[in-house]
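Asker: Just dropping this structure here.
In our numbering, the protein residues as written are 2 to 272.
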């Protein structure tokens, strides 16, 4: 293989996938439709939130992969993880389909499965921790990007008003969509940072645990996400968790009513 072939191969390994461009186009088109009042507002919010959630999941996994590559796993590029193509990840259904289903069922931003990283290629506990932390950091940044415009009032005085149970509100459906998607990002960041096997929070502390502890915990890793979902389904835990999420949103000056309205519009099939 020549040097030119090698460079071309590396370029293809990191070229953004058309699938990701379609997701971005869907996100942008839905945002335009919501802001201009084109079509059904609820369906527009549904498309905006689902596409935006998928985009953030792609970026979440990309952050894991990019950090792993710079930490020593040189196989990342050849696996297609840098293309932002959701179908290239280790388990596309676990990483993308289930998180979207969780959003539809319970309005919870549960994280998906991680990319497959060859950990033996990476030296140093700190690097392993940073790889795990990179994903939740993306959710934090996405939350800030969504909530700051709402909290700053940049979406106030809308030309198009949201309708709730037949009553026109002085709130833009786009602001509601931003609020709901922002809530999903906050919930995903908080949940992913839990030190539960299978989640990134455990991945952050795992390198610092004893070998005995890691071996004892390892069999439970595949069930960590499911366990979190079951616990969150309990009403008392659910209320406590979302009160924490709303407190974080308050830090950005965003009232929880925005997310509530966004969730209402998102479920357009119910009204």
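Virtual Cβ for every residue (Gly too), placed ideally from N, Cα, C.
On the DSSP bridge list, what partners appear for residue 169?
Answerer: Beta-bridge pairing links residue 169 to 164.
Asker: Could you tell me the alpha carbon to alpha carbon distance between residue 197 and residue 79, rounded to whole angstroms?
Answerer: Going by the C-alpha atoms only, they are around 30 Å apart.
Asker: For the alpha helix (DSSP H) containing residue 209, list its first residue and its last residue.
Answerer: No alpha helix (DSSP H) contains residue 209, which DSSP labels as neither H nor E.
Asker: Please classify residue 212: is it buried, with 16 or more other beta-carbons within 10 angstroms of its beta-carbon, or exposed?
Answerer: Result: exposed.
Asker: Measure the beta-carbon distance from residue 174 to residue 161 and round it to whole angstroms, keeping in mind my assumption that it falls under 8 Å.
Answerer: Right, the Cβ-Cβ distance comes to about 6 Å (below 8 Å), so this counts as a contact.
Asker: To the nearest angstrom, how far is it from the Cα of residue 103 to the Cα of residue 188?
Answerer: Looking at the two C-alpha atoms, the distance is approximately 12 Å.
Asker: Provide the residue span of the alpha helix (DSSP H) that contains residue 130, from first to last.
Answerer: 126-152 is the extent of the alpha helix (DSSP H) around residue 130.
Asker: Express the C-alpha separation of residue 226 and residue 111 in angstroms, rounding to a whole number.
Answerer: Between residue 111 and residue 226, the C-alpha separation is close to 8 Å.
Asker: Just the C-alpha distance for residue 66 and residue 270, rounded to the nearest angstrom, thanks.
Answerer: The alpha-carbon atoms of residue 66 and residue 270 are separated by roughly 37 Å.
Asker: Relative to the C-alpha of residue 172, which residue among 42, 107, 130 is closest?
Answerer: Among 42, 107, 130, the Cα nearest to that of residue 172 is on 42.
Asker: Consult DSSP for residue 184 and reduce its assignment to one of helix, strand or coil.
Answerer: Helix at residue 184.
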